[in-house]
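Under the working numbering, the first residue of the sequence shown is numbered 33, with each subsequent residue one higher.
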Amino acid sequence: MLQHDEPVQITSGDQTYYALYRYIAPLNAYIVDITSHQELMKGPRNWYFLVVAITLCVLLMMMVMISYMTRRIFRRLEMVLASMRKVRQGQLDAKIHTGLRDSDSGDEIDYVAVSYNSMLDEIQRLMTQVVDKQLIAKNAQLHSLHSQINSHFLYNALESIRMRAEVERQPAIAGALVSLGSLLRYSMHWRGDTVSLGDEFANIHSYIRFINFMEGSSFELQAELLPEVLRYPIPKMCMQPIVENAVHHAAPPGGSVAIEMNVSVENSFMLLIEIRDNGTGMDPQTLSRLQEEMADESDRPIVASRNGLGLANVHKRLQLHYGKGSGLSIESVQGAYTSVTIRLPWEQVNLGGW
Numbered sequence: 033m034l035q036h037d038e039p040v041q042i043t044s045g046d047q048t049y050y051a052l053y054r055y056i057a058p059l060n061a062y063i064v065d066i067t068s069h070q071e072l073m074k075g076p077r078n079w080y081f082l083v084v085a086i087t088l089c090v091l092l093m094m095m096v097m098i099s100y101m102t103r104r105i106f107r108r109l110e111m112v113l114a115s116m117r118k119v120r121q122g123q124l125d126a127k128i129h130t131g132l133r134d135s136d137s138g139d140e141i142d143y144v145a146v147s148y149n150s151m152l153d154e155i156q157r158l159m160t161q162v163v164d165k166q167l168i169a170k171n172a173q174l175h176s177l178h179s180q181i182n183s184h185f186l187y188n189a190l191e192s193i194r195m196r197a198e199v200e201r202q203p204a205i206a207g208a209l210v211s212l213g214s215l216l217r218y219s220m221h222w223r224g225d226t227v228s229l230g231d232e233f234a235n236i237h238s239y240i241r242f243i244n245f246m247e248g249s250s251f252e253l254q255a256e257l258l259p260e261v262l263r264y265p266i267p268k269m270c271m272q273p274i275v276e277n278a279v280h281h282a283a284p285p286g287g288s289v290a291i292e293m294n295v296s297v298e299n300s301f302m303l304l305i306e307i308r309d310n311g312t313g314m315d316p317q318t319l320s321r322l323q324e325e326m327a328d329e330s331d332r333p334i335v336a337s338r339n340g341l342g343l344a345n346v347h348k349r350l351q352l353h354y355g356k357g358s359g360l361s362i363e364s365v366q367g368a369y370t371s372v373t374i375r376l377p378w379e380q381v382n383l384g385g386w
């Protein structure tokens, strides 16, 4: 006999039923529940359709999101490619607009875009630097050619005057003419951007001798330089503007000024050429203004002043060729001294130039 808690399968025609029954003793009766096979299968079938419908909806939503994200990514990549095509045509200002200030607040494409824009800025800066350097070289070349037009006439005239001064027993005038001729020859002939430190020092020595004769002053140039130091290649005319500044501004009325030059190498990294005078020094306002001019990193063109290249222009000229770590540094105490130090990368100097 079947147990009361086991279903009983009943077949009637083509229909199948399942019966469950339980005996209730107090009533002396059976409770019977009969359910067809179709009714039993409706629940799982409904759940199956529900799961399939939910799965299809999820897949559809995922496809829509993937399509949106893909089109957004491709649209941003197309902006990058469009900018690259413009840059290839020479439009270096064709930046990618991201709306971000840095690459840390976006995704990988934003990182590429911000880095790409930074690269364009650096390319423009380097191109401006190269153009400025070429303009300086071209202006120097034109100035040299212009100066050489009547150079032979000037040299011959100075030599004639010098010989006449010696005949008339005027050695001071003859010496001044020799110094002037050396100055003119040095400033008019540019065989390259660099000269030896010895040549630059000899030019300064000629300048001091000529100034002492012309103005009746007593400037003294002091330097103890080793022979190997005199062979160091340095930019031409980078020291004379510093000495000119000392001549025009450091000497007290009727007084004498000693100009001392020292050369050293700092930690095998920087060549330091210090030009120091014991003159009147600069007042704090003048020193501050000059240091501000030297710290100005704008791309304004370098223009020669009426009296030649100023200290700020020499500083920018050196930085243009050697980089930001080079240039001039100035210290001054009013009534005591002024010290100007030329800083040049030792590696480039040691290799023979810029």
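Glycine included, C-beta positions come from ideal geometry on N, C-alpha and C.
Remember, it's a predicted structure, so these values are computed and weren't measured experimentally.
| task | Return the residue from the list T312, L303, S371 that minimises the CA-CA distance to S358. | result | If we check each option's Cα against that of S358, L303 comes out closest.
| Going straight from the alpha carbon of N345 to that of C270, what length do you get? | Approximately 10 Å, taken between the alpha carbons.
| Using 8 Å as the threshold, is the segment 290-304 in touch with the segment 369-377, meaning 3 or more CB pairs across them? | By the Cβ rule, the segment 290-304 counts as touching the segment 369-377, because three or more pairs are nearer than 8 Å.
| request: Kindly indicate which residue of R308, T312, H347 has the alpha-carbon position closest to the one of E324. | output: For E324, the nearest C-alpha among the options comes from H347.
| query | So L124 packs on L158, CB below 8 Å; how close in whole Å? | reply | Contact check for L124 and L158: beta-carbon distance about 11 Å, past the 8 Å limit, so the pair fails to qualify.
| request: Let me know the secondary structure DSSP gives E298 once reduced to three states. | output: Strand at E298.
| request: Could you check what DSSP says for Q180 in three-state terms: helix, strand or coil? | output: With a pLDDT of only 49 at Q180, under 50, the local geometry of the prediction cannot be trusted, and the value read off the model is given with reservation. Correct three-state label for Q180: coil.
| Who are the Cβ neighbours of Y218 in its own chain at under 6 Å, not counting the five residues just before and after it? | Once the five neighbours on either side are set aside, the close Cβ partners of Y218 are N235.
| CB-CB under 6 Å to I240, same chain, minus the five flanking residues each way: which ones, in chain order? | Cβ neighbours of I240 beyond the five flanking positions: F251, L253.
| field | P377 - DSSP class collapsed to helix/strand/coil | value | Taken through DSSP and simplified to helix, strand or coil, P377 comes out as strand.
| field | T160 in three-state terms, based on DSSP | value | Helix.
| Taking the Cβ atom as the reference point for each residue, do R111 and I128 lie within a distance shorter than 8 Å? | For the sequence presented, residue 111 should be read as Met rather than Arg. Yes, the pair counts as a contact, with Cβ atoms nearer than the cut-off.
| said: Check for me: the beta strand (DSSP E) holding S364 runs from which residue to which? | reply: Taken as a continuous stretch (DSSP letters only), the beta strand (DSSP E) holding S364 covers 359-365.
| Nearest-angstrom Cα distance between K165 and S361? | Between the alpha carbons of K165 and S361 lies a distance of about 22 Å.
| query | Which residues bound the beta strand (DSSP E) around S228? | reply | Judged by DSSP secondary structure, S228 falls within the beta strand (DSSP E) whose first and last residues are 226-228.
| So, is H280 buried or exposed, given that buried needs 16 or more other C-beta atoms within 10 angstroms? | So H280 counts as exposed.
| Burial state of Q67 (16 or more Cβ within 10 Å) | The amino acid at residue 67 is misidentified as Gln; the sequence shows Thr. Under this definition T67 is an exposed residue.
| task | State the DSSP-derived secondary structure class of A61, mapped to helix, strand or coil. | result | DSSP places A61 in strand when its eight states are reduced to three.
| Reference G248, options D225, G313, S288, closest by Cα | Check the Cα spacing between G248 and each of D225, G313, S288: the tightest is with S288.
| Opposite R54 in the DSSP bridges: which residues? | Partner residues in the beta bridge of R54, as assigned by DSSP, are I63.
| query | What first and last residue would you give for the alpha helix (DSSP H) that runs through V279? | reply | Counted as a single uninterrupted DSSP element, the alpha helix (DSSP H) harbouring V279 occupies residues 272-281.
| query | Where DSSP assigns a beta bridge to A290, which residues make up the other side? | reply | According to DSSP, which records beta bridges pairwise, A290 is partnered with E252.
| From P39, I105, I274, pick the residue whose C-alpha is nearest to that of Y7; which is it? | Because the chain is modelled from 33 through 386, residue 7 falls outside the range shown and cannot be assessed.
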